[in-house]
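Okay, so the sequence shown: first residue is 208 according to the numbering used here, each after it adds one.
We put the beta carbon where it would ideally sit given N, CA and C, even for glycine.
Below: the structure, in structure tokens.
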Amino acid sequence: MPRRNTKRKTVREHAHRGSERQKRVTILAFCVCLMALAIGRSLFGMQITKHEDYKAIAQQQHESSYSLTPKRGEIYMNDVDGLYPLAVNRELSTIYAVPRDVVDVEKTVTMLVGSLGVDEEEIRMRLNKREDLFEIIKKEVNQEEKEKIEQLNIEGIHTMPETYRFYPAKELLAQTVGFLGGSKEEKVGQYGLEAQWEEMLRGQSGYIRQERDASGRWIAIGRREENPVKDGVDIILSTDYPVQYEVEKILHETIEKHSADEGTIIVMRPNGEIVAMASLPSFDPNKYGEEEDMSVYLNPAINLTYEPGSIFKPLTIAMGLNEEKITPESTYVDTGSVKLSGYTIKNSKEKVYGLQTMTQVLEESINTGVIYVENLVGNERFSEYVRMFGFGEKTGIGLPGELGGNIKNLDNPNKTLEHYTASFGQGITVTPMQIIAAYATVANGGRKVTPYIVKQMRYHNGIVEDRSAQFGERIISQKVADQIGQMLESVVTSGHGQRASVEGYRVGGKTGTAQVVKEGEKGYDADATIGSFVGFAPIEKPEFVVLVKIDNPKDVIWAESSAAPTFGRVMSFLLDHYNIEPSQKETQEEQVKEIESQENI
Numbered sequence: 208m209p210r211r212n213t214k215r216k217t218v219r220e221h222a223h224r225g226s227e228r229q230k231r232v233t234i235l236a237f238c239v240c241l242m243a244l245a246i247g248r249s250l251f252g253m254q255i256t257k258h259e260d261y262k263a264i265a266q267q268q269h270e271s272s273y274s275l276t277p278k279r280g281e282i283y284m285n286d287v288d289g290l291y292p293l294a295v296n297r298e299l300s301t302i303y304a305v306p307r308d309v310v311d312v313e314k315t316v317t318m319l320v321g322s323l324g325v326d327e328e329e330i331r332m333r334l335n336k337r338e339d340l341f342e343i344i345k346k347e348v349n350q351e352e353k354e355k356i357e358q359l360n361i362e363g364i365h366t367m368p369e370t371y372r373f374y375p376a377k378e379l380l381a382q383t384v385g386f387l388g389g390s391k392e393e394k395v396g397q398y399g400l401e402a403q404w405e406e407m408l409r410g411q412s413g414y415i416r417q418e419r420d421a422s423g424r425w426i427a428i429g430r431r432e433e434n435p436v437k438d439g440v441d442i443i444l445s446t447d448y449p450v451q452y453e454v455e456k457i458l459h460e461t462i463e464k465h466s467a468d469e470g471t472i473i474v475m476r477p478n479g480e481i482v483a484m485a486s487l488p489s490f491d492p493n494k495y496g497e498e499e500d501m502s503v504y505l506n507p508a509i510n511l512t513y514e515p516g517s518i519f520k521p522l523t524i525a526m527g528l529n530e531e532k533i534t535p536e537s538t539y540v541d542t543g544s545v546k547l548s549g550y551t552i553k554n555s556k557e558k559v560y561g562l563q564t565m566t567q568v569l570e571e572s573i574n575t576g577v578i579y580v581e582n583l584v585g586n587e588r589f590s591e592y593v594r595m596f597g598f599g600e601k602t603g604i605g606l607p608g609e610l611g612g613n614i615k616n617l618d619n620p621n622k623t624l625e626h627y628t629a630s631f632g633q634g635i636t637v638t639p640m641q642i643i644a645a646y647a648t649v650a651n652g653g654r655k656v657t658p659y660i661v662k663q664m665r666y667h668n669g670i671v672e673d674r675s676a677q678f679g680e681r682i683i684s685q686k687v688a689d690q691i692g693q694m695l696e697s698v699v700t701s702g703h704g705q706r707a708s709v710e711g712y713r714v715g716g717k718t719g720t721a722q723v724v725k726e727g728e729k730g731y732d733a734d735a736t737i738g739s740f741v742g743f744a745p746i747e748k749p750e751f752v753v754l755v756k757i758d759n760p761k762d763v764i765w766a767e768s769s770a771a772p773t774f775g776r777v778m779s780f781l782l783d784h785y786n787i788e789p790s791q792k793e794t795q796e797e798q799v800k801e802i803e804s805q806e807n808i
């Protein structure tokens, strides 16, 4: 009996041990499977899902990659002998120190101050930062200074090449050009053309990847991958340097003479091409960081709006002529005022003119006269013309931050009072660019124009893209455009624009003395005005359209004393500079040809 029990016990123990062994084998097999799955997953990740990542890491270990920086496109304008640089790249140097490598601080300070003219205390402070690996000593170092430092061979002092943006014209055309600014790591175009055409000017970076050996040296017959750099596009403007220089000079003298706050002059061809565009005060893009008032970066020709005043009146007259509601000789009786809805609109200086023709309405700048025309045209049609002339929308000149003005007062045709005041340029706001573009429409015979200042784009591959004038819809007929031209000529010969005349030429234009809206309040500032004059010449074949805007002149009130004479000076220079034949001479030649023709008959 005892033996049987022992045998049974042994069998049970053996069975139990077998069961335990089986469990261990099962667990071990399970663990092996898990490990296999983990390894498989890892291999799958390495070979499939993360193949490119590991490939890139491997490539980094035996490849060198060098970034290729594109040359930023440059900006030029026309000059007598070619092109005048406005924004160019200068290859200069930066002098820097590795302070911990400087052996004798005081001796080094003395040598740097003597060679570079830097501040002694500032340099001493920088060199005493013994743990620093990089301290700027001087930036924008020319070749002469660079060579001087290299010849001194000072321990811990080094040079490195840097490309800087340089603006040779300084304040000239500054708001139009803009500047390159931003962080040390990345500079981008700020304001003006530098901002508007940033992507084109910047170009596209490239790179070179080459296999290297264990020592980091390139393998001559190794694999090489190259993505070529694409340099930025050079931009050529339509502006003319001698004209731009003279216009800014005249504007500066005018502002100084009248103690004005600021001023703007635009010179445009009848097809929309900008010949000159000046606004003062200006700034030097090379020192843009020194300006306390950042508003000086704005271009008043497109970034600021104002109520145009009487320079809007010829456009209202053009609407009446085009709708055949009036002729230049049409008459009406001026009583000195117009009353509507409890409001009374009066003429300037509260004058009463009596019986007047439409030409005389412009000569004398009569408010009630253009109200009479607006009433004939009708509110709805009047507002349509205002929009067709381009007001209420951007001109599309291709510069950043352009404003479209505000003509919301004309949205409701039932608001007659607002339409009446708009007829003589009050209650609506415009930019100088919008106004001169509207006058260019008259000068070219009635076609809407898109102003442009970028005339040519020169690509890195040699392709040259010329940008030409873009004419839009016809707004007024050729006949009406000719009539308005003659009426504007009458303003210069017989009206308030006489000081805008140019001897020997037929000149037409219109004065405008606009009130200035109070800032943050209703009503107008009684102590501030804006004097404007816009016109073109020669009347028989317009070559140039000119706008002059003088803000808040202190010694005179009326535009005929500030903007009109300035217009005359600018137009006189233009006609002489471009050798435009005098109108009288052309008339005499035509008379001679006519006499010869009659004699031949």
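- In this structure Ile-578 is in contact with Ser-630, their Cβ atoms being roughly 6 Å apart against a cut-off of 8 Å.
- In this structure Tyr-659 is not in contact with Gly-439, their Cβ atoms being roughly 20 Å apart against a cut-off of 8 Å.
- Met-284 has Tyr-291 as its beta-bridge partners, per DSSP.
- Setting aside the 5 residues that flank it on each side, Ser-590 is surrounded in the same chain by Leu-617, each with a C-beta closer than 6 Å to its C-beta; the list follows chain order.
- Membership of Val-474 in the beta strand (DSSP E) is indicated by the continuous run 469-475.
- Annotation for Ser-590: the continuous alpha helix (DSSP H) segment containing it runs 586-595.
- CA-CA distance, Lys-729 to Ser-739, rounds to 23 Å.
- Residue state for Arg-654 is assigned as strand, using DSSP reduced to three classes.
- For His-667, no beta strand (DSSP E) encloses it, and the DSSP letter there is neither H nor E.
- About 13 Å separates the beta carbons of Asp-762 and Asp-468, which is beyond the 8 Å limit, so they are not a contact pair.
- Apart from sequence neighbours up to five positions away, the residues of its chain that approach Ala-770 with a beta-carbon distance below 6 Å are Gly-738, Ser-739, Phe-740, Val-755 and Ile-757, ordered along the chain.
- In this structure, DSSP gives Ser-572 a state outside helix and strand, which the three-state scheme calls coil.
- If you check the CB distance, Gln-451 and Leu-380 come in under 7 Å.
- The closest CA to that of Leu-583, considering only Ser-544, Glu-531 and Arg-476, is found on Glu-531.
- Scanning the segment 697-741 from its first residue to its last, the whole beta strand (DSSP E) runs of 3-plus residues come out as 715-724.
- Note that the C-beta distance between Ile-524 and Pro-639 is not below 7 Å.
- Within the segment 480-540, the runs of beta strand (DSSP E) that reach at least 3 residues and sit entirely inside it are, in chain order, 481-487.
- In the assembly as shown, Gly-669 is an exposed residue. Its beta-carbon has fewer than 16 other beta-carbons within 10 Å.
- Sixteen is the threshold: since fewer than 16 other Cβ atoms of the shown chains lie within 10 Å of the Cβ of Leu-562, the residue is exposed.
- Between Val-580 and Gly-653 a beta carbon distance of about 18 Å is seen, past the 8 Å cut, so the two are scored as non-contacting.
- Bridge partners of Tyr-414 according to DSSP: Ser-274 and Asn-434.
- The criterion of a C-beta distance shorter than 7 Å is satisfied by Gly-413 and Leu-275.
- Beta-bridge pairing by DSSP links Gln-397 to Phe-386.
- Per DSSP, the beta bridge partners of Ile-757 are Gly-470 and Gly-738.
- Comparing C-alpha distances from Asp-673 to each of Leu-522, Ser-701, Ile-443 and Ile-787 shows the shortest one belongs to Ile-443.
- Short of 6 Å from the beta carbon of Ile-364, and not among the five residues preceding or following it, lie these beta carbons of its own chain, in chain order: Ala-304.
- Only buried fits Asn-574, as 16 or more other CB atoms lie within 10 angstroms of its CB.
- Straight through space, the alpha carbons of Asn-619 and Arg-588 are spaced by roughly 12 Å.
- Minimum Cα-Cα distance from Ser-790 among the listed residues Tyr-712, Lys-520 and Thr-233 corresponds to Tyr-712.
- When rounded, the separation of the alpha-carbon atoms in Val-482 and Ile-282 is 15 Å.
- Rounded to whole angstroms, the separation of the alpha carbons of Glu-298 and Glu-514 is 46 Å.
- Secondary structure at Val-637: strand, using DSSP grouped into helix, strand and coil.
- Using a 10 angstroms sphere on the CB of Gly-289, the tally of other CB atoms stays under 16, which defines it as exposed.
- If you keep only unbroken beta strand (DSSP E) runs of at least 3 residues inside the segment 347-377, you get 364-373.
- Straight-line spacing of the CA atoms in Gln-397 and Gly-388 works out to 6 Å.
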